[in-house]
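Read the structure below first, then the notes.
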Amino acid sequence: MTTKRLIFKTADLGANVRISLSFAPPKVLLPVHDPLFSWKTFDIPATGVFETTIVWSSRLAFCAPKFEENFVPIKAGQGTVLIGNPPTPIFTSPVPLPGVDTVQVLNQTSSPTDIGLGYIVDGVVFPAAVWREVGKNFLLVAEMEPVLRAYVDDQDVAPIIQNTGAPRPIWEQNLLSLGPNTLITITVDGRGGYMATQYSIKAKDAMITDTRSMLTRASTKPQVFKAEIAFEDAEAASRDAMYLCKTLSAHGYTVDCIGKADGTEISMVVVVPFDGSCRDAERCLMAAMEETSSVAMQAIDIKGHIGEVLLQEESESGFSWWLPIHPCDREWGWAN
């Protein structure tokens, strides 16, 4: 059995938000009646730091959706039979099906009935997919792949469903590809919507102690590092600026460079990643500059630098308010 822990964290989203977690519909001979059936949901308050942990287990089970305690564990290559009369039918013990890699259930109750397929966590089944009114003597064959998606429930979901058939998830991942513990932060993007960022963590304890302060500082208040860089000549600027950008990008930074009129200077804007600081960005830049200078023997100098943290952004007007943070400030990252 495989178990995964998903730790969702956020802070000060500015609105009450409900997150729905739904699995990609399994491959079946009968279409899923509710393609957006929520496996788990949780509500995030508009202000404050929020954290919740979702545990997933790879143990599959067929169940009666209205009676989650009525279930039978099942593995790929096994089948079961649903017998008795609704509303409390029972599942027979699964039997192996040679040459089959799906899970199967045969409805032999007296009438059509709902059947669910879900995952067992702490002795309780949480349905991941539900088929409504499965007909009498119908054999339901399913192949479940644990691709989990996170959706934001708000007024924008309805028109998205109408236009595209389904809302767009802010996060999607096959759980089998994740490590034992995964941190997922939810923040407001530049368009007033929501975005999720995934981080692998080695241990839950390390995540708790390290990320709470980072969320309030970096996740909900993005930081950028800006530098004015002078080169010996225009040729060096054209050649070495590309190397600096590639080096920073390789370390997880998003970089934008703007050349000055005479071609000997560039203005560099570096978006600081979730777990970084302006100090880290400058150190990475200086290390790349030293390496470039030692190889090309060209003089490179940082004429000026500054950090900025986003305090407020209005999606409708496009206005944003950034507060400068200098090397002497605590939020730059230097120890006092």
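Under the working numbering, think of the first position of the sequence shown as 16, with each following residue one higher.
For each residue, glycine too, the CB sits at the ideal point set by N, CA and C.
All figures in this text were calculated on a predicted structure; none of them were measured in a lab.
Arg164, DSSP secondary structure in three states | In this structure, Arg164 counts as strand in the three-state DSSP scheme.
State the DSSP-derived secondary structure class of Tyr134, mapped to helix, strand or coil.
-> The answer is strand: DSSP assigns Tyr134 an E or B state.
4-residue-minimum alpha helix (DSSP H) runs that sit fully inside the stretch 192–216, ordered along the chain | Qualifying alpha helix (DSSP H) stretches: none in this window.
Distance, Pro104 Cα to Asp129 Cα | Using only the alpha carbons, I get a separation of about 10 Å.
In terms of residue numbering, what span does the alpha helix (DSSP H) encompassing Leu259 cover?
-> Note, Leu259: alpha helix (DSSP H), Ala249 to Ala265.
Nearest-angstrom beta carbon gap, Gly92 and Val110 [assumed within contact, 8 Å] = The C-beta separation of Val110 from Gly92 comes to about 10 Å, leaving the pair out of contact by the 8 Å criterion.
In or out: Thr56 buried (at least 16 other Cβ within 10 Å) or exposed?
-> By the C-beta density criterion, Thr56 is exposed, having fewer than 16 other C-beta atoms within 10 angstroms.
Run the CB neighbour count on Asp255, radius 10 Å, all protein chains shown included, and call it buried at 16 or more, exposed below.
-> With 16 or more other Cβ atoms within 10 Å, it is buried.
If you follow the beta strand (DSSP E) that Gly274 is part of, which residue opens it and which one closes it?
-> Per DSSP, Gly274 belongs to the beta strand (DSSP E) from Thr269 to Gly274.
Using the beta-carbon count (16 or more within 10 Å), is Glu297 buried or exposed?
-> Classification of Glu297: buried, given that the 10 Å Cβ count is 16 or more.
Which of the three DSSP states, helix, strand or coil, is assigned to Met4?
-> Beyond the ends of the chain as shown, which are 16 and 351, falls residue 4; an answer cannot be given.
CB-CB under 6 Å to Thr262, same chain, minus the five flanking residues each way: which ones, in chain order?
-> Same-chain partners within the cutoff: Ala303.
Extent of the continuous beta strand (DSSP E) run through Phe246 | Annotation: the continuous beta strand (DSSP E) that includes Phe246 extends over Gln238 to Phe246.
If you check the beta carbons only, do Tyr166 and Pro142 fall under 7 Å apart?
-> Here Tyr166 is not near Pro142, since their CB atoms are 7 Å or more apart.
Beta-carbon contacts of Val136 that lie in its chain and below 6 Å, excluding the five residues immediately before and after = Closer than 6 Å at the Cβ level, and outside the excluded window around Val136, lie Val70 and Ser72.
Can you give me the start and stop residues for the beta strand (DSSP E) that Pro288 sits inside?
-> Careful: Pro288 lies outside any beta strand (DSSP E) and carries neither H nor E.
Taking the C-alpha atoms as reference points, what is the distance between Ser192 and Ala249?
-> Rounded to the nearest angstrom, the two C-alpha atoms are 46 Å apart.
In whole angstroms, what separates the C-alpha of Arg206 from that of Gly194?
-> The alpha-carbon of Arg206 is positioned some 31 Å away from that of Gly194.
Beta-carbon proximity of Val239 to Val270, cut-off 7 Å | Not closer than 7 Å, so no.
Which residues does DSSP pair with Pro142 in a beta bridge?
-> DSSP, once it has assigned bridges, lists Gly133 as partnering Pro142.
Which residues bound the beta strand (DSSP E) around Trp186?
-> Taken as a continuous stretch (DSSP letters only), the beta strand (DSSP E) holding Trp186 covers Trp186 to Asn189.
Could you check which residue in Met210, Ala79 and Ile34 has the C-alpha nearest to that of Asp4?
-> For residue 4 there is no data in the structure shown, the boundaries of the chain being 16 and 351.
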